[in-house]
Amino acid sequence: MTNIITHHSLTLLTRPCSTDRETAEAFIAEAQRIDLKPRIGDALYVAISGDTPEDRFDTLLDGGMWKDNCGQTRLLTGLRTALAYYALARIVRDGNIVPSTYGAVVKDDQYSVEAEKAERQRQYRELFAQADTYMAEVLSYLDCNRKDFPEYTCRTTRKNNRTTIKIIG
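Taking our numbering, I'd label the letters of the sequence shown as residues 52 to 220.
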């Protein structure tokens with residue numbers, strides 16, 4: 052399986068990010084497995100993470116206009132954008148922390164200053180909230196278009212903005 056987005060598309064879909072390719076790809080893979088797969092289910096995750104996903108996944112992955120069950124036109128930002136923001140949040144939180152034989156260290160040089168922990172946490176929470184908003188759009192799209200995505204299984208318990216909501220009925 053390949054990453055759904057690349058280091059290059061991370062910067063195109065979110066804010067500018069100058070982290071190296073290897074680090075970005077690792078955080079993208081982590082965000083896919085931890086933030087994306089549990090929400091859309093294993094079957095749909097496998098279907099969209101192949102080398103060439105089917106055309107029916109284009110709107111889901113890249114966003115676009117669609118009509119809901121009431122005939123209202125809605126805008127979907129897309130799964131790739133949600134994933135990019137989850138990955139960027141992880142990069143902001145942990146991007147320059149590197150495991151070494153001496154423990155976790157922050158890579159630094161004479162021209163850089165590490166952001167304060169409180170500022171990193173603030174940005175991390177903000178980026179994760181933004182990703183959660185985009186993911187809520189994706190889940191709404193999937194719920195309204197279940198017939199087009201038989202791999203998707205609707206969940207009765209859902210996390211949104213780190214709050215668990217249980218749907219009764």
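We put the beta carbon where it would ideally sit given N, CA and C, even for glycine.
Please look up how many angstroms separate the CB atoms of residue i and residue j, rounded, as I've assumed it's under 8 Å.
i: I91; j: Y203; result: 6 Å
i: L63; j: A75; result: No, L63 and A75 are not in contact; Cβ-Cβ is about 12 Å, not under 8 Å.
i: P89; j: A98; result: Rounded, the Cβ-Cβ distance is 16 Å, inconsistent with contact.
Run through DSSP, which three-state label would residue i get?
i: T124; result: strand
i: Y203; result: coil
i: T74; result: helix
i: E105; result: coil
i: S191; result: helix
i: T53; result: coil
i: R66; result: coil
i: I218; result: coil
i: S100; result: coil
Tell me the DSSP bridge mates of residue i?
i: G92; result: Paired residue(s): none; G92 is not in a bridge.
i: M116; result: L126
In whole angstroms, what is the alpha-carbon distance linking residue i and residue j?
i: R111; j: T65; result: The residue you asked about is not Arg; residue 111 is Leu in the sequence shown. Roughly 17 Å between the two C-alpha positions.
i: D194; j: K118; result: 12 Å
i: I200; j: L95; result: In the sequence under discussion, the amino acid at residue 200 is Phe, which differs from the Ile named in the question. Roughly 8 Å separates the two Cα atoms.
i: D102; j: F108; result: 13 Å
i: E73; j: I218; result: 40 Å
i: T184; j: D113; result: 15 Å
i: D106; j: A138; result: 25 Å
i: K198; j: E170; result: 43 Å
i: T53; j: N196; result: 25 Å
i: D145; j: C68; result: 13 Å
i: C121; j: D71; result: 45 Å
i: R222; j: D93; result: This structure does not reach residue 222, given that the chain is present from 52 up to 220, and the question cannot be answered.
Is residue i close to chain D, meaning its C-beta is less than 8 Å from at least one C-beta of that chain?
i: L193; result: As a matter of chain content, chain D is missing from the structure shown, which is built from one protein chain.
Residue j and residue i - do their beta-carbons sit closer together than 8 Å?
i: V143; j: L87; result: no
i: Q181; j: Y136; result: yes
i: M116; j: T124; result: yes
i: V189; j: L126; result: no
i: R173; j: E81; result: no
i: S100; j: I56; result: no
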